[in-house]
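There are 2 protein chains.
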Amino acid sequence: MPTIDRSDGRPYYRQIADDLRRRIIQGQYGPGDQLPSERVLTEDYETSRLTVRQAIGLLRTEGLLLAEHGRGLFVRAAVPVQRLARTRLDRAQRQAGAGAFQTDAQRAGFQPSVDVDVYSATADARIAELLQVSTGSRLIVRERLMMADKVPVQLSTSWLPAELAAGTRIELRDTGPGGIYARLEEKGHLLARFTESVRARMPSQDEASALRLAVGTPVLAVTRTAFDQHGRPVETNDMVLAADRYELTYEFSAD
Amino acid sequence: MPTIDRSDGRPYYRQIADDLRRRIIQGQYGPGDQLPSERVLTEDYETSRLTVRQAIGLLRTEGLLLAEHGRGLFVRAAVPVQRLARTRLDRAQRQAGAGAFQTDAQRAGFQPSVDVDVYSATADARIAELLQVSTGSRLIVRERLMMADKVPVQLSTSWLPAELAAGTRIELRDTGPGGIYARLEEKGHLLARFTESVRARMPSQDEASALRLAVGTPVLAVTRTAFDQHGRPVETNDMVLAADRYELTYEFSAD
DNA sequence: AAGTGGTCTAGACCACTAC
DNA sequence: TAGTGGTCTAGACCACTTT
Numbered sequence: 003m004p005t006i007d008r009s010d011g012r013p014y015y016r017q018i019a020d021d022l023r024r025r026i027i028q029g030q031y032g033p034g035d036q037l038p039s040e041r042v043l044t045e046d047y048e049t050s051r052l053t054v055r056q057a058i059g060l061l062r063t064e065g066l067l068l069a070e071h072g073r074g075l076f077v078r079a080a081v082p083v084q085r086l087a088r089t090r091l092d093r094a095q096r097q098a099g100a101g102a103f104q105t106d107a108q109r110a111g112f113q114p115s116v117d118v119d120v121y122s123a124t125a126d127a128r129i130a131e132l133l134q135v136s137t138g139s140r141l142i143v144r145e146r147l148m149m150a151d152k153v154p155v156q157l158s159t160s161w162l163p164a165e166l167a168a169g170t171r172i173e174l175r176d177t178g179p180g181g182i183y184a185r186l187e188e189k190g191h192l193l194a195r196f197t198e199s200v201r202a203r204m205p206s207q208d209e210a211s212a213l214r215l216a217v218g219t220p221v222l223a224v225t226r227t228a229f230d231q232h233g234r235p236v237e238t239n240d241m242v243l244a245a246d247r248y249e250l251t252y253e254f255s256a257d
Numbered sequence: 003m004p005t006i007d008r009s010d011g012r013p014y015y016r017q018i019a020d021d022l023r024r025r026i027i028q029g030q031y032g033p034g035d036q037l038p039s040e041r042v043l044t045e046d047y048e049t050s051r052l053t054v055r056q057a058i059g060l061l062r063t064e065g066l067l068l069a070e071h072g073r074g075l076f077v078r079a080a081v082p083v084q085r086l087a088r089t090r091l092d093r094a095q096r097q098a099g100a101g102a103f104q105t106d107a108q109r110a111g112f113q114p115s116v117d118v119d120v121y122s123a124t125a126d127a128r129i130a131e132l133l134q135v136s137t138g139s140r141l142i143v144r145e146r147l148m149m150a151d152k153v154p155v156q157l158s159t160s161w162l163p164a165e166l167a168a169g170t171r172i173e174l175r176d177t178g179p180g181g182i183y184a185r186l187e188e189k190g191h192l193l194a195r196f197t198e199s200v201r202a203r204m205p206s207q208d209e210a211s212a213l214r215l216a217v218g219t220p221v222l223a224v225t226r227t228a229f230d231q232h233g234r235p236v237e238t239n240d241m242v243l244a245a246d247r248y249e250l251t252y253e254f255s256a257d
């Protein structure tokens, strides 16, 4: 029977969280199962509702529990994870037609859709360094919200030096078959190399609502830069991915 | 002056959080600065302390604020980020002497130290698949807690088929110069290739306390598998990194 | 000793979901 | 309509840090 040890040094809400966490891990409550309501837990643990809510808040930020207003508390079920492999950027993949996101989504059985916004801007310090241009240089910026079966799953912002995009479909919403990389190669910038840097953090308010993230879901922030055959950076790209829906994979030689 | 709009649809605590967030982003409170105390904020916003604490809790899980018991509320300062590049696993690096962590830490100006635990176990389904052995096979497991200037920064667990480690220093706490990869190569398993998969999630209770993570800090979970010249997996490794202290970088060709 | 954040109580009413 | 989680009040005492 669940109770609180009033002489235990731990605060009550931690004892409750530890107890519920143990039950979940041991399988007493499985993925998708409903927990007793907050009021029932309050009676079970002989405490106040706020204390129970503190415990539940802890398990929510740990990503273990999901609260649904008017319905109840549920053990969070694992989401099918989409794997993003390095090979999504191989030339063969790029030339196959659509962009990387479309290809991935369709292979995984999702119906992809994209909202695009294109505008011009000037380079701040960070983008200037990534693209090896001067701060204040003119850029084309492409912001995209990618959806799988109409569920937002990925934010992406691309920056390109304005003169590389000038007069191409990169300046339009629809960049045509193969996406911006195909347009760059048509212009003589053969893509030679990518760098990617990966970080994780909690989402901003805007990202959380755009991606409809549950409390306790971090994001993966990936910055990719594309270099042409002369070693010149031709595009850089910030991707924000819901961490519970994506896995990134890389492969490299040991030499 | 800060106040709450009682007719605004948003809950009070969100209005307060939005207001404080705006002030932080606009620079009214810079990194490391102290905010007014909870009781002062309660008066400023003309509400109850719990409502202020809810707002602060939001900003803490977003990673914007840090609360220090008995001291006050502070804007979280950016931590110096350690970059983990693919090249940390190059043969030249590995043969230079110490393991990857020691090399990285010393280059970054930290004094590295490591707690190690070595024991034998049997393969569960996941490890069996990664190492391409049968479930239940005998393994050597090496658990490590890495510290930089005595601050825990990284957890690492390695699994190797028992027969590859048998009779080598891989079974000991101190594996000798070059670490386990050097011992494997001495035994004729030349390392050819690594795969890494990267995910992000909120830490478990154990990880949070082992790595001394602040509320609102996710972890990067990296699984690396090493393959020998015959394509056989010889080791697999789970790394858990504090996301606010690490950045992973990768580089690959566009072909 | 004074000020800070951390924990806790015993209520109340609102918003949402299901029957 | 009943049950659920979400928000809010007005207190109280504890644990920690600083002076």
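Just so you know, the sequences run in chain order D and G. To convert a position in the first sequence, counted from 1, into this note's numbering, add 2. To convert a position in the second sequence, counted from 1, into this note's numbering, add 2. Think of the CB as a built atom: it goes at the ideal place given N, C-alpha and C, for glycine as much as any other residue.
Item: Could you work out which residues of chain G lie near residue 198(D), taking near to mean beta carbons separated by less than 9 Å?; Value: 250, 251, 252, 253, 254
Item: With the cut-off set at 9 Å, would you say residue 247(D) and residue 84(D) are in Cβ contact?; Value: yes
Item: At a CB-CB cut-off below 8 Å, which residues of chain D make contact with residue 154(G)?; Value: Chain D residues near residue 154(G): none, gap ~18 Å exceeds 8 Å.
Item: Is any beta-carbon of chain D found at less than 9 Å from that of residue 63(G)?; Value: yes
Item: Starting from residue 220(G), find everything on chain D with Cβ-Cβ shorter than 8 Å and list it in chain order.; Value: 202, 203, 204, 220, 245
Item: Taking 9 Å as the CB-CB cut-off, is residue 20(D) touching chain G?; Value: yes
Item: Quick check: what's the CA-CA separation for residue 107(G) versus residue 40(D)?; Value: 47 Å
Item: Sort 112(D), 239(D), 145(D), 20(D) by Cα distance to residue 64(D) and report the nearest one.; Value: 20(D)
Item: Taking the C-alpha atoms as reference points, what is the distance between residue 2(G) and residue 195(D)?; Value: Nothing about residue 2(G) can be read from this structure; chain G reaches only from 3 to 257.
Item: Using a Cβ-Cβ distance under 9 Å, would residue 83(D) count as near chain G?; Value: yes
Item: According to DSSP, is residue 156(G) helix, strand or coil?; Value: strand
Item: How long is the line joining the alpha carbons of residue 17(D) and residue 30(D), rounded to whole angstroms?; Value: 17 Å
Item: Could you tell me which uninterrupted beta strand (DSSP E) segments, each at least 3 residues in length, are contained entirely in the region 45–107 of chain D, listed from first to last along the chain?; Value: 67–70, 74–77, 84–87
Item: Note down, in chain order, each residue of its chain lying with its Cβ closer than 7 Å to the Cβ of residue 49(D), except the 5 sequence neighbours on either side.; Value: 6, 14
Item: Compare the Cα-Cα distances from residue 103(G) to each of 142(G), 175(G), 86(G) and report the closest residue.; Value: 86(G)
Item: For residue 235(D), which residues of its own chain have a beta-carbon under 6 Å away from its beta-carbon, when the five flanking residues on both sides are left out?; Value: 133, 134, 227, 229
Item: If you count every other CB in all the chains shown that lies within 10 Å of the CB of residue 79(D), and 16 or more means buried, which is it?; Value: exposed
Item: Would you say the region 139–154 of chain G touches the region 119–126 of chain G, given that touching needs at least three Cβ pairs under 8 Å?; Value: yes
Item: Take residue 34(D) and list the residues in its own chain whose beta-carbon comes closer than 7 Å to its own, dropping the five residues that flank it on each side.; Value: 76, 77, 79
Item: Would the beta-carbon of residue 221(D) fall within 9 Å of that of residue 209(D)?; Value: yes
Item: So which residues on chain D does residue 194(G) lean against when the C-beta distance must stay under 9 Å?; Value: 255, 256, 257
Item: Is it right to say residue 62(G) is buried, meaning 16 or more other beta carbons lie within 10 angstroms of its own, or is it exposed?; Value: buried
Item: Does any residue of chain G bring its CB to less than 9 Å from the CB of residue 234(D)?; Value: no
Item: Quick check on DSSP: helix, strand or coil for residue 21(D)?; Value: helix
Item: Does chain G have any CB closer than 9 Å to the CB of residue 228(D)?; Value: yes
Item: Keeping to the same chain, check which residues put their C-beta closer than 6 Å to that of residue 161(D); ignore five residues upstream and five downstream.; Value: 129, 141, 143, 238
Item: When you compare only the Cα positions, how much space is there between residue 113(G) and residue 105(D)?; Value: 46 Å
Item: Please state if the CB of residue 166(G) and the CB of residue 191(G) are separated by a distance shorter than 9 Å.; Value: yes
Item: Could you please give me the residues that DSSP links to residue 199(G) through a beta bridge?; Value: 251(D), 225(G)
Item: By how many angstroms is the C-alpha of residue 212(G) removed from the C-alpha of residue 176(G)?; Value: 22 Å
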